[in-house]
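Student:
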């Protein structure tokens with residue numbers, strides 16, 4: 682074997698090892714529950730109580746989008762309780778008026794910690810649920826899967842929002858900044874303007 | 030047969046300049062790639078990047094076959110590669126797919142290459158010659174697989190490969206200097 686091919690194979694093996702190691706480590710990270718305390722914002726809000734449960738994901742995109750949605754809710758007068766999807770997240774939902782579920786999309790499906798949380802709740806008791814996903818490209822299929830899981834657990838999806846990194850979020854050009862910054866503003870507005878249809 | 034001889038000379042001249050023409054076109058494709066990615070025309074960006082990768086794959090072979098390999102030509106080739114790669118990853122950072130520090134790390138690798146290339150007998154070291162291909166593949170995969178997990182795998186693979194390359198380049202240069 683020539684030195685060219687030896688070098689080429691060695692480089693390919695090193696790169697493949699790095700890629701495999703990275704993939705394995707990232708796969709473990711995205712599957713793991715992250716426990717955080719329930720944080721309350723706008724304790725004097727009178728519009729109702731909203732529980733936001735989300736999976737932070739690998740980047741800060743989901744966290745920023747979720748935080749902006751919560752800020753929008755607070756601006757609209759909601760008391761907002763935010764935590765991450767884990768065994769510690771509240772599964773008793775009787776005291777809340779709306780539940781917001783957020784997660785990044787990996788391989789076309791919502792992150793596993795959020796799916797496990799929905800299974801853990803088991804019965805949303807017909808509560809209105811908002812689905813808030815972030816994806817590389819089209820979040821539509823993952824939103825469909827999440828809504829199906831919510832319905833299966835006796836929840837009532839009332840609104841869904843999918844924001845992406847590889848597609849323009851602000852097609853109407855209503856906001857300024859990068860695509861991610863516009864996504865944050867879209868989420869904030871969605872929280873501020875959330876309307877729950879009478880049931 | 031002076032006409033046939035002239036034709037052969039013209040063809041030989043064209044073949045001599047063809048690799049540099051391809052490299053020049055690759056260099057010019059860099060701003061186009063930036064514009065396509067930041068405009069979210071990712072399908073067109075994929076075609077543009079694929080053509081740049083194809084030109085990179087064949088221009089070196091054409092130089093060896095029909096031209097005269099030179100240090101200036103090698104620098105021109107590396108600069109065109111850097112321009113395309115920086116345009117791709119700069120645009121990815123601009124739209125929020127990758128962090129800006131990855132663009133900084135790519136720049137650092139090129140600066141290390143420039144600073145050490147005069148100390149080594151060959152322009153490319155055994156590891157550094159592959160990093161362009163790795164980064165091209167990373168950009169290509171980013172456009173083909175628009176998934177957050179794939180993007181993070183690419184990010185950490187590129188980071189690992191760049192770190193190893195910079196380190197290997199430094200070791201290779203030190204070894205070359207010691208053997209002088």
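Chains as they are written, first to last, in the working numbering: chain A, 682 to 880; chain B, 30 to 209. No residue lacks a Cβ here, since even glycine has one placed at the ideal position from N, Cα and C. All values reported here derive from a predicted model rather than from experimental measurement.
Take residue 761 (chain A) as the anchor and find which of A:731, A:753, A:794 has the nearest alpha-carbon.
Tutor: A:731
Student: Less than 8 Å between C-beta atoms, sequence neighbours within five positions excluded: which residues of the same chain meet that for residue 795 (chain A)?
Tutor: 734, 735, 736, 766, 782, 783, 784, 827
Student: Just checking residue 163 (chain B) against the ligand NAP - is the residue's beta carbon closer than 6 Å to any of the ligand's heavy atoms?
Tutor: Looking for the ligand NAP in the displayed structure turns up nothing, as the structure carries no ligands at all.
Student: Is residue 826 (chain A) close to chain B? Criterion is C-beta to C-beta, closer than 7 Å.
Tutor: no
Student: Use the C-beta contact count for residue 670 (chain A): other C-beta atoms within 10 angstroms, 16 or more gives buried, fewer gives exposed.
Tutor: Since the first residue of chain A shown is 682 and the last is 880, residue 670 (chain A) is not available in this structure.
Student: Would the segment 85-94 of chain B count as touching the segment 133-149 of chain B if we require 3 or more Cβ pairs under 8 Å?
Tutor: They do not touch, by the three-pair rule.
Student: Does the beta-carbon of residue 208 (chain B) have 16 or more other beta-carbons within 10 angstroms, so that it is buried, or is it exposed?
Tutor: exposed
Student: Using 8 Å as the Cβ pair cut-off and three pairs as the minimum, do the segment 100-119 of chain B and the segment 51-61 of chain B touch?
Tutor: yes
Student: Can you tell me where the alpha helix (DSSP H) with residue 211 (chain B) in it begins and where it stops?
Tutor: With chain B represented from 30 up to 209, any question about residue 211 (chain B) goes unanswered, as that position is not in the structure.
Student: Quick one, are the C-beta atoms of residue 848 (chain A) and residue 753 (chain A) less than 7 Å apart?
Tutor: no
Student: Taking DSSP's pairing of strands, which residues face residue 791 (chain A) in a bridge?
Tutor: Looking at the DSSP assignment, residue 791 (chain A) forms a beta bridge with A:786.
Student: Compute the beta-carbon to beta-carbon distance between residue 786 (chain A) and residue 177 (chain B), rounded to the nearest angstrom, for a pair I have assumed lies under 8 Å.
Tutor: 7 Å
Student: What's the C-alpha gap between residue 66 (chain B) and residue 804 (chain A)?
Tutor: Each residue's alpha carbon lies about 44 Å from the other.
Student: Does the distance from the CB of residue 141 (chain B) to the CB of residue 195 (chain B) come in under 7 Å?
Tutor: yes
Student: Relative to chain B, which residues along the segment 830-848 of chain A have a C-beta separation below 9 Å, given in chain order?
Tutor: 845, 846, 847, 848
Student: Answer with yes or no whether the minimum CB distance from residue 850 (chain A) to chain B is below 7 Å.
Tutor: No, its Cβ sits nowhere closer than 7 Å to a Cβ of chain B.
Student: Could you tell me whether the segment 122-133 of chain B touches the segment 74-84 of chain B, using the rule of 3 or more Cβ pairs below 8 Å?
Tutor: no
Student: In its own chain, which residues sit with a C-beta less than 7 Å from the C-beta of residue 112 (chain B), not counting the 5 before and 5 after it?
Tutor: 56, 59
Student: Does the CB of residue 854 (chain A) have a neighbour CB from chain B at under 7 Å?
Tutor: no
Student: Do you know how far the Cα of residue 69 (chain B) is from the Cα of residue 818 (chain A)?
Tutor: 11 Å
Student: I need the boundaries of the alpha helix (DSSP H) containing residue 192 (chain B), first residue and last residue.
Tutor: 177-207
Student: Between which two residues does the alpha helix (DSSP H) harbouring residue 873 (chain A) extend?
Tutor: That run of the alpha helix (DSSP H) goes 860-873.
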